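In what follows, a single structure is set out as structure tokens and then discussed.
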Amino acid sequence: MGDTQRPAKKAAKSRPKPASTNEPQFVQLLSPEGGRVKHPDYDIDLTDEEYRGLYRDLVITRELDAQGTALQRQGQLGLWPSLLGQEAAQIGSGRALKPQDTVFPAYRELGVQWCRGIDLISAFALFRGTDLGGRDTVADRFNMYAIVIASQTLHAAGYAMGVAMDGAVGTEDGEAVIVYHGDGATSEGDFNEALVWAGVFNSPLVFFCQNNQYAISETNARQFRLPPYRRAEGFGVPGIFVDGNDVLATYAVTRDALDRARRGEGPSLIEAYTYRMQPHTTSDDATRYRDEAELDFWRAKDPIVRYRKWLAAEGLADEAYFAEIDTEAGEQVRALRARVMALTDPEVTEMFDNVYAEMPAGIAAQRAEAVELQASLEDGSDPR
């Protein structure tokens with residue numbers, strides 16, 4: 001597990017040493033230097049085009065995410081939760097999903113949304129305040145971002161129980177459910193209750209923990225004595241520990257866990273060991289709880305640099321291809337920015353119209369009052 005060690009000056013805050021010698025092996029298929037690593041239980045064999053496609057996913061997702069930060073700094077978004085540094089965890093796991101699978105994200109899963117082919121404008125509109133959450137999550141199989149920490153784990157557990165009760169598992173074509181959360185979510189009661197229900201009911205649910213080292217400003221050492229993947233065993237759930245900065249490894253372990261879920265073999269918990277290079281959100285000041293030496297340590301493990309080195313060494317991509325992707329990423333960013341700037345404010349009625357299938361009388365009355373108030377403000381008749 002040499003790749004998981006923290007810088008020497010941070011040793012006092014590093015993860016507690018395992019109490020057991022029987023813990024799962026750290027899954028890594030690419031070293032930080034871009035060399036191929038063999039693992040006895042996991043491997044990956046994609047086409048050349050698929051390997052190149054993962055690089056395209058990584059680069060474009062990073063550039064679109066960076067635009068989110070830029071737009072917020074320019075006053076065009078109210079908030080932005082950057083995923084910089086976590087691209088491999090999201091792209092690797094996102095590409096392992098099949099069309100029939102359902103995703104429950106937290107609030108940083110732009111890369112997974114990209115992999116699912118869902119228009120990213122919905123995420124930007126949400127943080128701009130022009131979208132109140134009326135997207136068709138059933139059709140998308142990608143639920144709304146969950147701001148309340150760990151709340152989505154219970155939602156996913158309940159949904160996965162329903163999938164099993166509907167008999168939609170038991171074959172390679174069964175439905176699997178994946179829920180994304182951070183290391184901070186594992187300290188919440190919702191997360192632990194979700195593991196209880198998923199384990200007891202053998203639900204087709206994969207918990208995907210992006211351990212980016214900080215629950216906002218609290219390090220792992222202040223959150224738990226045992227890492228998340230080891231705690232899964234107490235709920236009767238397999239735990240897998242993977243290099244979250246390795247796109248091939250995250251793809252391999254997530255594909256395996258999802259396949260198990262589809263076959264009706266129950267839930268899994270994947271801990272993707274990664275790092276958040278930006279502040280928790282644009283409202284956070286990360287310099288108050290971490291220093292430049294720590295950032296330098298993790299910059300050396302950059303998921304995109306690592307993967308690019310491997311592609312080049314294997315002859316799977318050359319400088320012309322990398323330049324082509326950079327150009328496409330720039331085009332994607334410019335198109336997205338133009339769409340964000342063109343977003344219009346929602347009608348006041350939207351906050352009422354997309355909440356209930358059949359609107360209760362009380363809500364209908366509030367809707368009518370809101371419409372009346374808006375009209376009075378526009379024509380100047382408001383008596384206040």
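Per full-length UniProt numbering, the sequence shown starts with residue 1, numbered consecutively. By construction, the Cβ of each residue, glycine as well, lies at the ideal position given by its N, Cα and C atoms. As the structure is a computational prediction, the values presented were derived from the model and not from experiment.
For residue i, the first and last residue of its enclosing alpha helix (DSSP H)
{"i": "glutamate 331", "result": "319-341"}
{"i": "lysine 309", "result": "303-313"}
{"i": "phenylalanine 352", "result": "350-353"}
{"i": "tyrosine 251", "result": "247-262"}
{"i": "aspartate 190", "result": "189-200"}
{"i": "leucine 110", "result": "110-115"}
{"i": "aspartate 140", "result": "137-140"}
Own chain partners of residue i with C-beta closer than 7 Å, once the 5 adjacent residues on each side are dropped
{"i": "threonine 21", "result": "The predicted model places threonine 21 with a pLDDT of 43, which falls under 50 and marks its position as unreliable; any figure quoted below should be read in that light. Excluding residues within five positions, none has a Cβ falling inside 7 Å."}
{"i": "tyrosine 55", "result": "Tyr307, Arg308, Leu311, Ala317, Ile325"}
{"i": "alanine 313", "result": "Gly34"}
{"i": "serine 151", "result": "Asp190"}
{"i": "isoleucine 91", "result": "Leu54, Asp57, Leu58, Thr61, Gly111, Cys115, Val247"}
Beta-carbon proximity list for residue i, same chain, < 8 Å, skipping 5 on both sides
{"i": "isoleucine 60", "result": "Trp114, Ile325, Glu328, Ala329, Gln332"}
{"i": "proline 279", "result": "Ser82, Asp285, Ala286"}
{"i": "valine 371", "result": "Val348, Thr349"}
{"i": "glutamate 49", "result": "none"}
Status (buried if at least 16 other CB within 10 Å, exposed otherwise) for residue i
{"i": "asparagine 220", "result": "buried"}
{"i": "alanine 232", "result": "buried"}
{"i": "tyrosine 275", "result": "buried"}
{"i": "leucine 377", "result": "exposed"}
{"i": "methionine 161", "result": "buried"}
{"i": "aspartate 57", "result": "buried"}
{"i": "glutamine 100", "result": "exposed"}
{"i": "aspartate 302", "result": "buried"}
{"i": "aspartate 183", "result": "buried"}
{"i": "alanine 335", "result": "exposed"}
{"i": "threonine 47", "result": "exposed"}
{"i": "arginine 230", "result": "buried"}
{"i": "alanine 368", "result": "exposed"}
{"i": "serine 268", "result": "buried"}
{"i": "valine 355", "result": "exposed"}
Under 8 Å between C-beta atoms of residue i and residue j
{"i": "leucine 84", "j": "leucine 77", "result": "no"}
{"i": "threonine 130", "j": "aspartate 318", "result": "no"}
{"i": "alanine 307", "j": "valine 247", "result": "Looking at the sequence itself, residue 307 is tyrosine, so the reference to alanine does not match. Cβ atoms of tyrosine 307 and valine 247: closer than 8 Å."}
{"i": "arginine 255", "j": "valine 169", "result": "no"}
{"i": "valine 237", "j": "threonine 250", "result": "no"}
{"i": "glutamine 25", "j": "glycine 244", "result": "no"}
{"i": "glutamate 175", "j": "proline 204", "result": "yes"}
{"i": "tryptophan 80", "j": "phenylalanine 127", "result": "yes"}
{"i": "isoleucine 304", "j": "isoleucine 270", "result": "no"}
{"i": "phenylalanine 224", "j": "serine 187", "result": "yes"}
{"i": "valine 148", "j": "tyrosine 159", "result": "no"}
{"i": "glycine 111", "j": "glycine 94", "result": "yes"}
{"i": "alanine 357", "j": "leucine 258", "result": "no"}
{"i": "alanine 164", "j": "asparagine 202", "result": "yes"}
{"i": "proline 32", "j": "alanine 300", "result": "yes"}
{"i": "arginine 73", "j": "threonine 282", "result": "yes"}
{"i": "arginine 141", "j": "threonine 102", "result": "yes"}
Residue i (DSSP reduced to helix, strand or coil)
{"i": "glutamate 372", "result": "helix"}
{"i": "glycine 158", "result": "helix"}
{"i": "leucine 84", "result": "coil"}
{"i": "glutamine 210", "result": "strand"}
{"i": "phenylalanine 224", "result": "coil"}
{"i": "glutamine 366", "result": "helix"}
{"i": "arginine 56", "result": "helix"}
{"i": "glutamate 294", "result": "helix"}
{"i": "glutamate 347", "result": "coil"}
{"i": "alanine 215", "result": "strand"}
{"i": "arginine 276", "result": "coil"}
Chain-order list of residues whose beta-carbon lies under 6 Å from that of residue i (same chain, five-residue window excluded)
{"i": "valine 374", "result": "Here residue 374 turns out to be glutamine, not valine, going by the sequence shown. Excluding sequence neighbours, glutamine 374 sits near Val348."}
{"i": "residue 442", "result": "The chain is shown only over 1 to 384; residue 442 falls outside these bounds and no answer can be derived."}
{"i": "asparagine 143", "result": "Phe104, Thr137"}
{"i": "tyrosine 180", "result": "Pro105, Ala106, Glu109, Phe208"}
{"i": "proline 18", "result": "Residue confidence for proline 18 is low, a pLDDT of 41 falling below 50, so the modelled location carries little weight and cannot support an answer."}
{"i": "leucine 30", "result": "Asp246, Leu248, Arg306, Trp310"}
First through last residue of the beta strand (DSSP E) which encompasses residue i
{"i": "leucine 269", "result": "268-273"}
{"i": "threonine 130", "result": "Premise fails: threonine 130 is in no beta strand (DSSP E) and is neither H nor E."}
{"i": "glutamine 76", "result": "Taken as a continuous stretch (DSSP letters only), glutamine 76 belongs to no beta strand (DSSP E), as it is neither H nor E."}
{"i": "glycine 182", "result": "177-182"}
{"i": "glycine 234", "result": "Element bounds for glycine 234: n/a, residue is neither H nor E."}
{"i": "phenylalanine 104", "result": "102-104"}
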